[in-house]
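Data first, discussion second: the structure below is written as structure tokens.
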Amino acid sequence: MDFILSIMVFTSITVIAVTGIFVISGLTGLFSLGQAAFMAIGAYVAGVLAVNYHLSFPVAGFVAVLVGLLAGAIVGLPAIRLRRDYIALATFGFGEAIAALLNQSVSITGGAMGLSGIPKKTGIELAVISALICIFIVRNFKYSKFGRQCIALREDELAAKSMGINVTRVKMVAFLLSAAITAYAGVLYAFYTTYVEPAMFVWTKSAEWIIIIYFGGINSLTGAVFAGILLTSLPEVLRFAAEWRVVIYCIVVIFILNFRPSGVFGEYELSFNWFRKWWKHLKEKKGVMR
Amino acid sequence: MNVLEVRGISKSFGGVKAVTDFSMTMKENDIIGVIGPNGAGKTTIFNVISGVYKQDSGQIFLGENDITNKEQHERARLGVARTFQNIRLFKGLSLLENVSAALDPTARYNIFHNILLSRKMRMEEKRIKEESERFLELVGLLKYQAEKPENLSYGYQRKLEIARALAIKPKVLLLDEPAAGLNPKEVVDLINLIRKISQDLDLSILIIEHRMEVIMELCRFIYVQNFGKTIAYGTPKEIQENEEVIKAYLGEED
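Keeping their order, the protein sequence lines are chains V and A. Count along the first sequence from 1, add 88, and you get the number used in the numbering used here. Count along the second sequence from 1, add 221, and you get the number used in the numbering used here.
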């Protein structure tokens, strides 16, 4: 049971991070290969504040998200003015720099040994509720002027500008929202595992998240969440297959990207309306049976 | 008062002088045409006016505003709208959302209103939706509002682009070859549509077009470009009889 619970917590945390990267790499179409660094910032800032300064969990978490936002502003301001492909490089460099910084500042972060002794505060309830709230926030973002402008500039930046869309500003809003959400995922992570080390937050993590959103479909939040759940729990569920599980994971991903390039869900979104219809349909069926 | 005034703009790419010393003025409710052979620099004029390229010299005024050094999106907000020669719609968005995206920069709510789904946000979203529907209705595409633009015929895509451009409530609308690729019936439709919007919406229109029936039907005044220079300007009748223009289009007799 503990094992399943821990999978659920990790999956929820991944889902949060994925909703974050969905905003910037899915909707806005900017590859952020340094996204894991925001998770690292969230995890380390909150962790250090809790361990060295004995701040309570909510305060440490709140400060950590703010620092994540600040870091997002510092990296974002120059980076989003670059051409698309260079944004991937710039964020990649930022991510690796943060990992290196964490490795080097031994006196504060414990360096490669990691930071341990963080109190365990994240439980299954907090993780799942947080994930649901993040999904709600990103859903609202997608169906608003922000979401539409993000998709518009992703599809055609020149046309977006000529419609009066302030491309730099919209990209910045998306970048900051994504940084804050990802930093929050880091906070939950640190307070669940009680131990963090820099190697967890290198670019492979960011790349994994990008794979997840492409797997689910870059236009579909439902897809991103579904893929986040599936691809995080799949390696755990396949644990019996020992080293083959990575191979199976990769094959699944390759098959999807090859045969369904728009992702599993494409443009499809699960909505409350859909549930309502389904519920109505079910009720009617029951009525007939009576 | 001139709605748009262009004073001697020039633009070169490397050694190629795409536009040399182009000037024009537009009055209210004006329809003006720019014609000329391929490569005459017509689209470059549009790109300079709408701010895609920075001009090498010259000035541009929109009403009383000097927009010479304004960014592309600022010019759009001030009232310069355009369509593109090769249609550029937003593929990931529905027809309605394509038009809404042009209205979104005017929506007055911020990210916190958005996250909390506040009343202010819902009111603004409602306004944008209603206005978008009105513009789709205007070009006759309201019944396809939930479709994706790539599923539309070429003629409808052109109309959607015009609806999207109108949504920013422009003072000046730049149409870059709106009739390209349309069949004769669609061309007649388009002429009627352009006439309708110029009358109903109180805006001035600048058209680049190769289909002479469009230009001659609609335009009060025409500028003829060749190799980046204005070789003639005048009313449709004057242009039709102009020797220089005939030479540029048909070549010279030996």
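Ideal placement from N, C-alpha and C gives every residue a C-beta, glycine not left out. Because the structure is a prediction, the values reported are computed rather than measured.
Note to self: Across the segment 212–222 of chain V and the segment 325–333 of chain A, are there enough close Cβ pairs to call them in contact, namely three or more that are closer than 8 Å?
What the structure shows: no
Note to self: Ignoring anything shorter than 4 residues, give me the alpha helix (DSSP H) runs that lie fully in the segment 258–313 of chain A, in order along the chain.
What the structure shows: 263–271 and 293–299
Item checked: G252(V) at chain A interface by Cβ criterion, 7 Å -> As a position in the first sequence, residue 252(V) is number 164, starting the count at 1. Interface residue, yes.
Margin query: Could you tell me which whole beta strand (DSSP E) segments of length 3 or greater appear in the segment 409–457 of chain A?
Written below: 425–429, 442–447 and 450–455
Next item on the list: Within its chain, find whatever has a CB closer than 6 Å to the CB of A273(V); leave out the 5 residues flanking it on each side and keep chain order.
Entry: Working through the first sequence from its first residue, we reach residue 273(V) at position 185. Only I101, I104, A105 and M127 meet the Cβ criterion.
Notebook entry, point to check: Helix, strand or coil for A138(V) per DSSP?
Noted result: As a first step, residue 138(V) is located in the first sequence; it is residue number 50 there, counting from the start. Residue state, collapsed to three classes: helix.
Item checked: Beta-ladder partner(s) of V237(A), from DSSP -> Against the second sequence, residue 237(A) aligns to sequence position 16. Answer is F234(A).
Note to self: Any beta carbon from chain V within less than 7 Å of I389(A)'s own beta carbon?
What the structure shows: Here residue 389(A) refers to the residue found at position 168 of the second sequence. By this cut-off, I389(A) is an interface position.
Check: In chain A, which residues lie with their C-beta within 7 Å of the C-beta of D244(V)?
Finding: As a working note, residue 244(V) is residue 156 in the first sequence. The answer, in chain order, is R309 and F311.
Check: For R329(A), which three-state DSSP category applies?
Finding: Counted from its first residue, the second sequence places residue 329(A) at position 108. Here R329(A) sits in coil by DSSP.
Item checked: Minimum Cβ-Cβ distance from N239(V) to chain A less than 7 Å -> On the first sequence, residue 239(V) is found 151 positions in, with the first residue counted as 1. Strictly speaking, residue 239(V) in this sequence is Ile, with Asn absent from that position. It does: the Cβ of I239(V) has a partner Cβ on chain A nearer than 7 Å.
Item checked: Helix, strand or coil at D251(A) according to DSSP, with G and I counted as helix -> Within the second sequence, the letter at position 30 stands for residue 251(A). Looking at D251(A) - three-state DSSP - the assignment turns out to be coil, as it is neither helix nor strand.
Next item on the list: List the whole-angstrom C-beta distance separating V284(V) from G183(V), where the pair is believed to meet the contact cut-off of C-beta under 8 Å.
Entry: Position 196 of the first sequence, counted from the first residue, corresponds to residue 284(V). Position 95 of the first sequence, counted from the first residue, corresponds to residue 183(V). With 8 Å as the limit, V284(V) and G183(V) do not qualify as a contact, their Cβ atoms being about 15 Å apart.
Notebook entry, point to check: Using a beta-carbon distance below 7 Å, is H431(A) in contact with chain V?
Noted result: Start at 1 with the first residue of the second sequence, and residue 431(A) comes out as number 210. Not one chain V Cβ lies under 7 Å of H431(A).
Check: Of all the CB atoms in chain V, is at least one closer than 7 Å to the CB of L338(A)?
Finding: In the second sequence, residue 338(A) corresponds to position 117, counting from 1. True, the Cβ-Cβ gap to chain V drops below 7 Å.
Next item on the list: Consult DSSP for V163(V) and reduce its assignment to one of helix, strand or coil.
Entry: Numbered from its first residue, the first sequence carries residue 163(V) at position 75. Reduced to three states, the DSSP call for V163(V) is helix.
Check: Mind pulling the chain A residues with CB within less than 8 Å of V261(V)?
Finding: Counting from 1 along the first sequence, the entry for residue 261(V) is found at position 173. Neighbours of V261(V) on chain A, chain order: I332.
Item checked: Proximal residues to Q237(V) (C-beta, below 8 Å), its chain only, five neighbours per side dropped -> Residue numbering aside, residue 237(V) sits at position 149 when the first sequence is read from its first letter. The answer, listed in chain order, is A248, I253 and V258.
Check: In three-state DSSP terms, what is M245(A)?
Finding: For the purposes of this step, residue 245(A) is taken as residue 24 along the second sequence, with counting starting at 1. If DSSP states are grouped into helix, strand and coil, M245(A) belongs with the strands.
Check: Per DSSP, what kind of secondary structure is S353(A) in: helix, strand or coil?
Finding: What you label residue 353(A) is simply residue 132 of the second sequence in a count that begins at 1. S353(A): helix per DSSP, three-state reduction.
Check: When the Cα atoms are used, what is the spatial distance from Y274(A) to Q293(A)?
Finding: Residue mapping note: residue 274(A) aligns to position 53 of the second sequence, counting from 1. Residue mapping note: residue 293(A) aligns to position 72 of the second sequence, counting from 1. Taking the straight line joining both Cα atoms gives about 9 Å.
Notebook entry, point to check: According to the Cβ coordinates, are T451(A) and E382(A) closer than 7 Å?
Noted result: As a working note, residue 451(A) is residue 230 in the second sequence. As a working note, residue 382(A) is residue 161 in the second sequence. Taking 7 Å as the Cβ cut-off, T451(A) and E382(A) do not qualify as a contacting pair.
Next item on the list: Examine chain A for any beta-carbon lying closer than 7 Å to the beta-carbon of A105(V), and answer yes or no.
Entry: Position 17 of the first sequence, counting from 1, holds the residue named residue 105(V). So no, A105(V) is outside the interface.
Next item on the list: Return the chain-ordered list of same chain residues with a C-beta closer than 8 Å to the C-beta of E368(A), the five sequence neighbours on each side being excluded.
Entry: Position 147 of the second sequence, counted from the first residue, corresponds to residue 368(A). Closer than 8 Å at the Cβ level, and outside the excluded window around E368(A), lie S315 and L316.
Note to self: Counting only Cβ pairs nearer than 8 Å, list the residues of chain A close to I225(V).
What the structure shows: One-based indexing of the first sequence puts residue 225(V) at position 137. The answer, in chain order, is I336.
Next item on the list: Below 8 Å on the Cβ atoms is my guess for V269(A) versus I230(A); work out the distance and round it to an integer in Å.
Entry: Residue 269(A) sits at position 48 when you count from the first residue of the second sequence. Residue 230(A) sits at position 9 when you count from the first residue of the second sequence. Confirmed, Cβ separation roughly 5 Å.
Item checked: Close beta carbons around K232(A), own chain, < 7 Å, minus the five adjacent residues each side -> Along the second sequence, read from residue 1 onward, the residue named residue 232(A) stands at position 11. Here the set comprises A239, V240, T265, V269, Y274, Q276 and D277.
Next item on the list: Output, in chain order, the set of chain A residues within a Cβ distance shorter than 9 Å of F234(V).
Entry: Residue 234(V) sits at position 146 when you count from the first residue of the first sequence. Simply D325, I332 and N335.
Check: Closer than 6 Å: is that where the CB of K450(A) sits relative to any heavy atom of the ligand NAP?
Finding: Among the components of this structure there are no ligands whatsoever, and the ligand NAP is therefore not found.
Margin query: Looking at chain V, is there any beta carbon in it that lies within less than 7 Å of the beta carbon of E407(A)?
Written below: Walking along the second sequence from the start, residue 407(A) turns up at place 186. Taking Cβ atoms only, chain V never reaches closer than 7 Å to E407(A), which makes this a no.
Margin query: Taking the straight line between their C-alpha atoms, what separation do you get for L158(V) and G114(V)?
Written below: Working through the first sequence from its first residue, we reach residue 158(V) at position 70. Working through the first sequence from its first residue, we reach residue 114(V) at position 26. The straight-line gap from Cα to Cα measures roughly 22 Å.
Next item on the list: Could you please give the first and the last residue of the uninterrupted alpha helix (DSSP H) stretch that includes L177(V)?
Entry: Here residue 177(V) refers to the residue found at position 89 of the first sequence. Element bounds for L177(V): R172 to Q192.
Notebook entry, point to check: Distance, Cα to Cα, F229(V) vs L358(V)?
Noted result: Locating residue 229(V) in the first sequence gives position 141, where the first residue counts as 1. Locating residue 358(V) in the first sequence gives position 270, where the first residue counts as 1. Those two C-alpha atoms are separated by around 16 Å.
Checklist line | Touching by the beta-carbon criterion (3+ pairs, under 8 Å), the segment 394–406 of chain A and the segment 345–352 of chain A | finding: no
Next item on the list: For L189(V), I'd like the list of residues in its chain whose CB is within less than 6 Å of its CB, leaving aside the five on either flank, ordered along the chain.
Entry: Counting from 1 along the first sequence, the entry for residue 189(V) is found at position 101. Here the set comprises nothing.
Next item on the list: Return helix, strand or coil for S204(V), following the three-state DSSP convention.
Entry: Position 116 of the first sequence, counting from 1, holds the residue named residue 204(V). S204(V) falls in the strand class under three-state DSSP.
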